[in-house]
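Below is one structure; the comments refer to it alone.
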Amino acid sequence: MLKNLLNRNSVVNNYKNLVNQINAVESRIKTLTDSELRSQTIHLQKRYQNEYSQSSFIAESFALTREASSRTLGLRHFDVQLLGGLVLNDGKIAEMRTGEGKTLVATLPAYLNALSTKGVHIVTVNDYLANRDQVSMGQIYRFLGLNTGLIQETMTSTERQENYDADVTYVTNNELGFDYLRDNMALNRKDVVLKPFNYCIIDEVDSILIDEAQTPLILSSTVQTSVEKYIIANELKDYLEVNLHFKVDEKNKNIILTEQGNFQIGKILNIDDLYNFNDPWIPYIINAIKANTLFFRNVDYIVQNNQIIIVDEFTGRIMPDRRWSDGLHQAIEAKESLPIRENTETVASITYQNFFLLYPKLAGMTGTAKTAEIEFEKIYNLSVEEIPTARPNLRNDLPDVVYKDQLAKWNAIAKECKITSLTGQPILIGTTNVEKSEMLAQLLKEYDLSYQLLNAKPENVRRESEIVAQAGKQGSITIATNMAGRGTDIILGGNSDFKVRKFLYNTLVFYKNYIKVSNKKIIFPLQQNLVSTSLKFLSILYSLTNNSQFLGFSDTEILKILNESDQIKIPKNSYECSIKFLINEFLSGEKKSQNLENKIVKNLGGLYIIGTERNDSRRIDNQLRGRCGRQGDPGRSRFFLSLDDKLLRLFGGPKIQTFMQNQFLDEAPLESRLLTKSLDSAQKRVEEVDYDSRKYLFDYDDILNKQRNVIYYERRKILESESVRDKILAYGEQVISELVIDFKSRKLTLQEMLSLTENLFGTNLILNLFNKFEEVFLNFDTFELENYLFQEFWLAYEAKTLELEVRQPGLILALERTLILVYIDIAWKDHLQKMALLRDAVGWRGYGQRNPLFEYKDDAYELFQNRSKITRHLIIYDLLRSAML
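First residue of the sequence shown? That's 1 in UniProt numbering, and the numbers climb one at a time after it.
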């Protein structure tokens, strides 16, 4: 296979020797028994510990993984998949087209790096993919003697520890990031769930490191919220007019109040200063206007169970655990007349950029990375390697067509679906939000076309896997809000595996529930096209009714058993044996039908992708196109656009708008090179703006990140130490030294300095001697004063230690550690709030020809020093007064 690719792709030339070595080792590996194959893992682990290098056994480990995959899943890695694995192992991004088996590719470097016993994290974009990949790919690792872990949202700390301790752990980016932040707020070592980072593979790397990196990960706590102000601000916005009282910056999703607007608001509220620091109104007004002009229901969010649920614009999924910050979420709740939940304040945060850079070795894979290659290299030091496809790409990307307005565009899409559906060719339509997907669904209904709808609405999400899996079925029409990270292959002719499991689930649930209710056996009708009503088949069904364990399962448990049946290599009991037989029997019966359906759909031209609007990023468009033409299948794609689409309207420019308006004589669509160039240019401009925004976020967080690393390192050392006595003594001596320095620099008088010290220690000092010779201390070395205060502190500390030890042995050790950790967290939370205010403030200094980033860096250092000083004072003060607790 590789011979045909040589001289066409540099990555092939770079790794061809290693691929040849893997293929050579494979012939020897094939002769080993299962147990001998498994014993190779122990052998390689020992070599890894002794050699501290992978280079000598990369070929052997890849060949082992390939053979294990062949024996467990029946899937043998192609040579191009070996290339992808080698690229990932070198800490790069492998760009592989949709359907090229990225999930399987990740097992190669994951197994190799798991031999270090330091752990491997495979990061996915959602819980479904993490669970699916751990169940399916986990069979390979377990066959080779390694264990796998899975992190899910509902898990406890103990469960998370166990799963993170596994050799290979599947986890979502959100869970991993938040676990890291929570670990660095833990007050007990037992609550820390993560071990030191080793190697990370990110699936859909562009979605996580580019799209989701627009906003940082934030842990927050609730604060007292002025609900009345949100309600008043929402009502007040009805008395304001756009362009008169405020202007809408749709490109940057921002609102700018005019002078008339400020006057009008002040007049209505009878307030002179809207920006009063002690009672500000302006944030509430701005958010109320934003909520009503820039954020829309079924576009940016949905309403579910009386709550505002954000919709991820890049994946089309809901994010129930996310909330907009700075009062925007509450403003939208007021707009929708929903209960207003309490506001939050940041207690810990980190950007995705700085978080994933914590890994000593990082890699990623996706179908669309080249368009963001520069950002990957500059921010993450990740180069992108394009992996050739296993078979030639046959997809036909047709030119975009542009219509005069939205009405003409949507009617054209519906007509195109009507004409195409007559041939039986399957259609997948990509829309940009929930509202448009439902509008198109209603339009297709008027054209008497049946369809499947997949968007962020919960009733549609539940059927996601089934909808995507059957999107390639003859005559099907599927409407989806976004196709990134769906994780299910669209097989031409339909997915027989999903079809079989669905039928079996419905059959077994009906059968089980009938037996439990009626307490008698029945014979139910079978679908003749799925399986013959053979006596052997019926006897298997009867055997399940006599299995008390099976009859005790809930419907959900039966679904889980069916979905995980692939990993049942050797059935352990009768019901597993029965289910394994039924699935195999069904699949064998479906095979001929599936092959015939596949050929028919291929002859019809494969899957037809219709895009209803160009997205802000070319990557998102390419992800949609990439759903067809997988593994050498035919397919075609086309985007239907209109002049008032957001991208053309905001970024197309006045010249292109004038040109296109002049071209339209009727409802006929327009195709032109100028149009295509304009759209590409508009997308590049949006990508540049988004990149600048992420770069801005990264540059500022990089300064904060250096401080964060210091805090987290200090905190972890305290958390893991047996005793923090030395740290307390050091803090006390630092506090005294700082007070003495202030005295020497004449910032404090001797009396003021000694009074502060007395207050700190909670004891009276012998001051007469020092009051008498104040001038002497000012003019000469203060060593004697400092030494005296050190001794007083040591005595006060020893007295407090003895006092608490008498009360309860070991109490002082726990108290010291907890006090330090609590005050570090309190000071850090306060520091984050000050840094956020500072970042807003330094932006104005640019008008004074000063570099805001340099200003931020200098002021941030001062704030950090003050934070450390205040923390030490609070710890010593509280510790020496702990008897009052």
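C-beta atoms are modelled at their ideal positions from N, C-alpha and C, and glycine is treated no differently.
Outcome for residue i when other beta-carbon atoms lying within 10 angstroms are tallied against a minimum of 16
i       : result
Glu-204 : buried
Asn-17  : exposed
Lys-92  : buried
Leu-802 : exposed
Gly-84  : buried
Arg-867 : buried
Asp-448 : exposed
Leu-596 : exposed
Arg-463 : exposed
Arg-501 : buried
Leu-5   : For Leu-5, the predicted structure reports a pLDDT of 47, less than 50, and the residue's modelled location is therefore unreliable. A value from the coordinates is still provided. By the 10 Å Cβ count, Leu-5 comes out buried.
Ile-876 : buried
Leu-187 : exposed
Gly-843 : exposed
Gly-493 : buried
Asn-252 : exposed
Phe-639 : buried
Option in the options with minimal Cα separation from residue i
i           : options                            : result
Ile-208     : Gln-594, Gly-364, Lys-592          : Gly-364
residue 888 : Phe-761, Val-347, Leu-32, Arg-614  : Limits of the chain in this structure are 1 at one end and 885 at the other, which puts residue 888 out of reach.
Asp-211     : Arg-619, Lys-717, Leu-754          : Arg-619
Leu-282     : Ile-256, Phe-295, Ile-302          : It is Ile, not Leu, that sits at residue 282 in the sequence shown. With distances taken between Cα atoms, Ile-282 lies closest to Ile-256.
Asn-254     : Lys-290, Ile-231, Ala-233, Ile-232 : Lys-290
Asp-127     : Thr-103, Val-135, Thr-107, Gln-152 : Gln-152
Lys-599     : Asn-506, Ser-578, Cys-628, Asp-633 : Asp-633
Leu-244     : Ile-231, Ile-232, Glu-259, Leu-236 : Glu-259
Lys-602     : Ile-427, Leu-785, Lys-869, Asn-787 : Ile-427
Gln-425     : Glu-60, Ile-876, Ser-221, Ile-609  : Ile-609
Ala-796     : Asp-878, Ala-369, Glu-752, Leu-748 : Asp-878
Ile-579     : Glu-175, Phe-503, Thr-215          : Phe-503
Thr-98      : Leu-582, Glu-377, Ile-491          : Ile-491
Leu-819     : Val-724, Phe-743, Leu-754          : Val-724
Ser-55      : Lys-378, Gln-21, Lys-646           : Gln-21
Leu-181     : Leu-217, Gln-161, Asn-198          : Leu-217
Asn-495     : Thr-481, Gln-474, Ala-469          : Ala-469
Ile-350     : Tyr-700, Phe-651, Glu-722          : Tyr-700
Anticipated Cβ contact below 8 Å, residue i with residue j, distance rounded
i       : j       : result
Ile-201 : Tyr-170 : About 10 Å; that fails the 8 Å criterion.
Arg-845 : Gln-734 : Not really, about 32 Å apart at Cβ, beyond 8 Å.
Leu-641 : Ala-682 : Wrong, their Cβ atoms sit about 11 Å apart, outside the cutoff.
Asn-343 : Gly-327 : 6 Å
His-77  : Leu-104 : 6 Å
Asn-276 : Ala-331 : Not confirmed; about 19 Å, so no contact.
Val-434 : Asn-278 : Between Asn-278 and Val-434 the Cβ distance is about 41 Å, and since that is not below 8 Å, they are no contact.
Asp-830 : Met-185 : Not a contact, Cβ separation roughly 14 Å.
Tyr-380 : Leu-362 : 7 Å
Ile-308 : Glu-333 : 6 Å
Val-120 : Asp-167 : 7 Å
Residue i - DSSP class collapsed to helix/strand/coil
i       : result
Lys-253 : coil
Ala-130 : helix
Leu-144 : coil
Met-319 : strand
Ile-350 : strand
Thr-371 : helix
Arg-395 : strand
Gly-266 : helix
His-245 : coil
Gly-629 : coil
Asn-276 : coil
Gln-307 : strand
Gly-762 : coil
Ile-93  : strand
Ile-387 : coil
Gly-149 : strand
Asn-297 : Note on identity: in this sequence residue 297 is Arg, with Asn being the wrong assignment. The answer is strand: DSSP assigns Arg-297 an E or B state.
Ser-642 : strand
Which residues DSSP lists as bridging residue i, in chain order
i       : result
Leu-607 : Gly-635
Gln-452 : Thr-478
Leu-428 : Thr-478, Ile-609
Lys-361 : Tyr-199
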